[in-house]
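Reading through the structure tokens given below for one structure.
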Amino acid sequence: MPRRTPHHDLFDKLRTPSRLTGFLKTASVCVLIAGLLSPLAQTAAVAATASNDYCGGQCSDVLPPGENGNATLAQILLNQAFGTQPDHAEDQLGLYSGLAKGYSTLTDAKINTFFNDASFGVASDQVASTEKPAGRTDVTIVRDKKAGVPHITGTTRYGTEFGAGYAAAEDRLWLMDVFRHVGRGQLTTFAGGAAANQGLEQEFYRNAPYTEADLQAQIDNAVAKNGARGQQALADADAYLDGINSYIDASDSGRYFPGEYVLTGHKDSITNAGTIDHFKITDLVALASVIGTLFGSGGGGEVNNAISLIDAQAKYGVEQGTKVWEAFRERNDPEAVLTVHNGESFPYAAKPADAQGEALPDAGSVTQEPLVYDRTGSAATAGATGASATAAKATLSSAKRGMSNALVVSGKYTASGHPIAVFGPQTGYFAPQLLMLQEIQGPGISARGASFAGLSMYVELGRGQDYSWSATTSGQDIIDTYAVELCQDDYHYLYHGTCTAMDKVEQANAWKPTTADGTAAGSYTMRVWRTKYGPVEYRATVGGKKVAYTTLRSSYLHEADSIIGFQMLNDPGYIKGPQDFQSAAQHINYTFNWFYADSQHTAYYNSGDNPVRASGVDAEFPVWAQAAYEWRNWDPATNTADYTPASAHPNSIDQDYYISWNNKQAKNYTTASWGDGSVHRGNLLEDRVKKLVAAGGVTRSALVKAMADAALTDLRAEDVLPELLQVINSSTVTDSTAAAAVSKLQAWVTAGGKRTETSAGSKTYADADAIRILDAWWPLLVKAEFEPGLGSDLYTAFTGNLSIDEAPSAGHGPTGSHAGSSFQYGWWSYVDKDIRAVLGESVQGGLGQTYCGGGSLGSCRDILLSTLKQAAGLTAAQVYPGDDQCSAGDQWCADSIVQRTLGGIKHGKISWQNRPTFQQVVEYTSHR
102 MPRRTPHHDL FDKLRTPSRL TGFLKTASVC VLIAGLLSPL AQTAAVAATA
152 SNDYCGGQCS DVLPPGENGN ATLAQILLNQ AFGTQPDHAE DQLGLYSGLA
202 KGYSTLTDAK INTFFNDASF GVASDQVAST EKPAGRTDVT IVRDKKAGVP
252 HITGTTRYGT EFGAGYAAAE DRLWLMDVFR HVGRGQLTTF AGGAAANQGL
302 EQEFYRNAPY TEADLQAQID NAVAKNGARG QQALADADAY LDGINSYIDA
352 SDSGRYFPGE YVLTGHKDSI TNAGTIDHFK ITDLVALASV IGTLFGSGGG
402 GEVNNAISLI DAQAKYGVEQ GTKVWEAFRE RNDPEAVLTV HNGESFPYAA
452 KPADAQGEAL PDAGSVTQEP LVYDRTGSAA TAGATGASAT AAKATLSSAK
502 RGMSNALVVS GKYTASGHPI AVFGPQTGYF APQLLMLQEI QGPGISARGA
552 SFAGLSMYVE LGRGQDYSWS ATTSGQDIID TYAVELCQDD YHYLYHGTCT
602 AMDKVEQANA WKPTTADGTA AGSYTMRVWR TKYGPVEYRA TVGGKKVAYT
652 TLRSSYLHEA DSIIGFQMLN DPGYIKGPQD FQSAAQHINY TFNWFYADSQ
702 HTAYYNSGDN PVRASGVDAE FPVWAQAAYE WRNWDPATNT ADYTPASAHP
752 NSIDQDYYIS WNNKQAKNYT TASWGDGSVH RGNLLEDRVK KLVAAGGVTR
802 SALVKAMADA ALTDLRAEDV LPELLQVINS STVTDSTAAA AVSKLQAWVT
852 AGGKRTETSA GSKTYADADA IRILDAWWPL LVKAEFEPGL GSDLYTAFTG
902 NLSIDEAPSA GHGPTGSHAG SSFQYGWWSY VDKDIRAVLG ESVQGGLGQT
952 YCGGGSLGSC RDILLSTLKQ AAGLTAAQVY PGDDQCSAGD QWCADSIVQR
1002 TLGGIKHGKI SWQNRPTFQQ VVEYTSHR
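First residue of the sequence shown? That's 102 in this note's numbering, and the numbers climb one at a time after it.
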């Protein structure tokens, strides 16, 4: 059975339901499995060459749970019944999780105890299998024994890309199929009507309500405007699709296709009736829209910003209310940690001196535009409507899934004199993983690394022959909200003085129960009203006039444009140094921070099509949909405009070091999400790397240690809790309950503020009581500190702009629970600035007034003590109430990382770490 197949809380109902689990316990499972097993076809092992590798064995990577994301029906049944794992389905999970307790004694020699060797090629004694896909003579796929990574070597460009598509389908066919349906808003029809599936397809359909013609036009435009490279990209995509479809045909006729097709009713396990649809080029655009929306589309939230500004002005008056709002917005906080820290300024989206064209809603007039209509059956349940509300909130917020981190040190400060980088994207944890590993060697392509499944015609994050690159989400604002004035009725608007009809786009979905998803039959229609200024998201009145608020994203209708940048990054003939890397990154229109390292240089570039806004427009708030306030030279037919030049994007070559954890990029460069203040998770990296650089002699293991140490640290404990304890200890604590809590918290701070097991596999935290107390205390103290001064309405509005906490167990945070990524969004900067002000310390960019106890040290201390006592009295079961993964009171489990099932194979939980999902450790020894 040539390669194997495959579901996230987002598709949770796609998991095998209890009735199937019971079925698997019967003896008949053995008979069924025996009938489904087929032999694995292999040919003689052939090793790939590695003469083009300049890393000297010092490139490593890891991507849990494992390379193999396909499983036949037999393998799914074995996994469900006995926990058996298909080959290479989770063999990187142990490597990854082991670093949490193994990093303290790490040496360079031990790095590949926790990572894969990412050298090019496969040693002859490490070749597990070799195949010529579809019998082709121009491409070979070699898989290694350790991880089963496909090493694709082609003698023609077509053959190389055909092999990349074939290998992608071998490893991720089911996942690719799931996400092409997500991108088209058709997930429930394909995979089942679970509430989570409904919510997921709604989230993406709001952002990208494309027709088939829209998807094709994006391909045509990307090709047309990029000359020879555009034509090559189209040829590569066609070859890649041919490879995918060749595997579909082979696996269908050979009956080793992913078992989920049977469990979801698309194939019959006995007769083989049913079809697996071939992939087409518009599917790639649908896939790209999902990934771009998830990780590379900064902005939005203007209506929420307007609502909180109105509340602030209602409480304090216009002038003072605006000052209070700006203080909490922290759009250019002087204490924020920066990636480009040499003082260079890159002004973008700054507050204008005299704002023009603002269209703030009348108080209380805003209503969210409905997306779902005509609900029937299970689509009308409370769970379904709740999923819709959650999806809408995620879509319309500026708090995007900013994840990923990077630590890059110049060779001037390393032991070898060569730069070192430890970096990767934090894309969540799924089974199978959204990303897949591969090596591609062919004419004009030479790279190894990770790519999103279904978009792996090029390596998207990884290494070339003598350089490596990676990215973090940046989040600068490329989304604006326009107020279109209505005319005639609610579905016509004024465009340049002419009453114009909105464009109605609909997607009707229906589902019925399957073995994988027992959700009762149901249906609904998603309906989006589109204008030239983008889809309608809200309705309101402005000065009594009825308006629709629309969102316009610069990457809207341009989901395929970034393919050229990735093509360049894979081309050894193009990338020969840091300037070439920056040039390639300039061709990526999504919002990312890109990092680079070779044997001599490091570099950084912030990508994205940043629109040039009209003079006086404040990107934070809605503006009138009028010619005077449109993006400069904006063409609504193609959604193109003038964009800020490359030199205006934060960029750098050979800075002493770079860190990024979705923090502020550079001085005066405003990001769309709230929270870039004095305390940010980027500080966890900044403090550690800065210390290493100051000492000099940095090694790969030292930089990995810095990352791993930050990955286990509670940001609140390291950067805010000491100040809180300082206020409390300003007088002797006489209450025994409070004193005991203070003692535990202080001991935890002294020990480093880590959330780590007592020993590997103990599933019990060291300092468990202190962690429980802080988890319970934080929301109580924030509310008690700020709500009295702000008032209930404004406090609530600000919590809508920025959630107060994102501890690992905080399922209410933007990233959800069991997702690893933590401490990006929260009120730690506000607490830090306010408490320092109470203590009489110097604060740059303060909140304008002190909130804790009205600025009185004694009153503030009383507030902290009373909330601390309340928190200390809460039991573990109250603090960690349990969910579908954990029992109430299980602290370790509440924090744990879950590989959310996107298919039929399940994996065990691992201890919490706050680190990239795919991660590279690189130090090149030479250069071409």
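C-beta atoms are modelled at their ideal positions from N, C-alpha and C, and glycine is treated no differently.
Residue j beta carbon less than 9 Å from that of residue i
i	j	result
N740	F447	no
N629	K613	Residue 629 is actually Val in this sequence, not Asn. Not a contact, by the Cβ cut-off of 9 Å.
Y596	A726	yes
I541	G255	yes
Y758	L508	yes
A554	P520	no
F429	Y691	no
A861	R1016	no
P462	T173	no
T652	V585	no
R782	Q925	yes
I1006	A190	yes
Q333	T383	no
D209	T365	no
L826	L846	yes
S761	F696	yes
G956	E436	no
D820	D933	yes
G478	A621	yes
V441	P673	no
G854	T814	yes
P723	V404	yes
A767	E431	no
S528	T1002	This sequence places Thr at residue 528; Ser is not what is there. Against a cut-off of 9 Å, the Cβ pair of T1002 and T528 comes out as no contact.
A885	I964	yes
V386	G284	yes
D996	A908	yes
L538	V799	no
P187	H1008	no
I242	Y267	yes
A211	Q227	For clarity, residue 211 is Lys in the given sequence; the question names Ala instead. Contact: no.
Y705	Q756	yes
Sheet register partners of residue i (DSSP bridge)
i	result
N752	Y706
H781	Paired residue(s): none; H781 is not in a bridge.
Y697	W570 and A704
S230	R244
A649	V585 and R640
G623	G478 and W612
Whole-number beta carbon distance between residue j and residue i, since they are thought to touch under 8 Å
i	j	result
F263	D353	Wrong, their Cβ atoms sit about 18 Å apart, outside the cutoff.
A219	Q1021	7 Å
D369	G360	Rounded, the Cβ-Cβ distance is 12 Å, inconsistent with contact.
D894	M558	Their Cβ separation, rounded to whole angstroms, is 51 Å, which puts D894 and M558 out of contact at 8 Å.
L472	A488	The pair is not a contact, with the Cβ atoms about 12 Å apart (cut-off 8 Å).
I829	H919	With a Cβ gap of about 32 Å, I829 and H919 do not count as contacting.
G927	W1013	With a Cβ gap of about 16 Å, G927 and W1013 do not count as contacting.
L273	G170	In the sequence as displayed, the identity of residue 273 is Arg instead of Leu. R273 to G170, Cβ: 5 Å. Contact.
G203	H252	Rounded, the Cβ-Cβ distance is 28 Å, inconsistent with contact.
Handout entry: the segment 725-738 / the segment 540-554 touching (three or more Cβ pairs under 8 Å)
Key = The segment 725-738 is not in contact with the segment 540-554.
Exercise for the section: Jot down the residue ranges of each uninterrupted beta strand (DSSP E) in the segment 503-574, minimum 3 residues, whole runs only, in chain order. Expected result: For the segment 503-574, whole beta strand (DSSP E) runs of length 3 or above, ordered along the chain, are 506-510, 521-525, 536-543, 546-553, 562-564 and 568-574.
Practice task
State whether the segment 309-318 contacts the segment 232-244, with contact taken as three or more CB pairs (one from each stretch) at a distance under 8 Å.
Solution key: Result no; under three Cβ-Cβ pairs closer than 8 Å.
Practice task
Examine the Cβ distances between the segment 407-425 and the segment 523-531 and report whether three or more of them are shorter than 8 Å.
Solution key: As far as the Cβ criterion goes, the segment 407-425 does not touch the segment 523-531, which means the pair count is below three.
Problem - Those runs of the alpha helix (DSSP H) which lie wholly inside the segment 400-438 and span at least 4 residues - result: Here the runs fully enclosed are 403-417 and 419-430.
Exercise for the section: Would you check if the segment 831-849 and the segment 865-879 touch, i.e. whether three or more CB-CB distances between them fall below 8 Å? Expected result: The segment 865-879 is in contact with the segment 831-849.
Exercise for the section: Can you check the segment 955-1009 for any alpha helix (DSSP H) of at least 4 residues that lies completely inside it and give the ranges in chain order? Expected result: Counting whole runs of 4 or more residues, the segment 955-1009 contains the alpha helix (DSSP H) stretches 958-973, 977-980 and 992-996.
Practice task
Please confirm if the segment 935-944 is in contact with the segment 967-976, defined as three or more CB-CB distances below 8 Å between the two stretches.
Solution key: Under the Cβ criterion (8 Å, minimum of three pairs), the segment 935-944 does not count as touching the segment 967-976.
Handout entry: Touch test, the segment 699-710 against the segment 678-686, Cβ-Cβ under 8 Å, three pairs minimum
Key = Flag = yes, the segment 699-710 and the segment 678-686 touch.
Practice task
Would you check if the segment 556-573 and the segment 287-297 touch, i.e. whether three or more CB-CB distances between them fall below 8 Å?
Solution key: Three or more beta-carbon pairs separated by less than 8 Å are not found between the segment 287-297 and the segment 556-573, which leaves the two stretches without contact.
Handout entry: Whole alpha helix (DSSP H) elements within the segment 846-928, 4-residue minimum
Key = 869-891 and 893-902, all fully within the segment 846-928.
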